[in-house]
Amino acid sequence: MAQKTVIIYTDDLTGEETSEAATHTIALDGVTYEIDLGPDSYDKLLEAVGPFLKAGRKTGRTRKPRKATASGDDTAAIRAWAKENGYQVNDRGRVPADIREAYQKAR
């Protein structure tokens, strides 16, 4: 039997499918968030926080946005696997660490 895995990249803000989605990290008040955004949504994010970034000070190292990959960072593949294996996972937002770990162990 043949099996085909399809990876669909989704913009977390709009819910739209896009091959250009990248994962971005945002930290505020000691809490770090990750969000997968297409280019248009990323531009909206920069427009919204741009004035604050210009007025603020950089701390720590600068990280480049990373492209979601099938090697473990692809949230769509992790969500699909989690749902197929009985885990409760939201359709948007950050995938919990325990689900990511279970996904990695299963691979």
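Going by the working numbering, the letters in the sequence shown line up with residues 1 to 107, in that order. Where a beta carbon is used, it is the ideal one built from N, C-alpha and C, also for glycine. A quick note: this is a predicted structure, and the numbers were derived from the prediction, not measured.
**OP:** Decide if the segment 34 to 45 is in contact with the segment 19 to 26; the criterion is three or more beta carbon pairs, one per stretch, under 8 Å apart.
**Re:** yes
**OP:** Below 7 Å CB to CB, which residues in the same chain sit around S71 once its five sequence neighbours on both sides are set aside?
**Re:** Note that S71 has pLDDT 45, beneath the 50 cutoff, so the model's placement of it is unreliable and no number is given.
**OP:** In the DSSP assignment, find the unbroken beta strand (DSSP E) run with R35 in it and report its ends.
**Re:** Per the sequence shown, residue 35 should be read as Ile rather than Arg. Here the beta strand (DSSP E) through I35 covers 31 to 37.
Subject >> the segment 73 to 92 contacting the segment 4 to 16, beta-carbon criterion three pairs below 8 Å >> reply: yes
Original post:
Does the distance from the CB of S41 to the CB of T10 come in under 8 Å?
Top reply: no
Subject >> Continuous beta strand (DSSP E) stretch holding I26: start and end >> reply: 22 to 28
**OP:** Can you say whether E101 is buried or exposed, counting buried as having 16 or more other CB atoms within 10 angstroms of its CB?
**Re:** exposed
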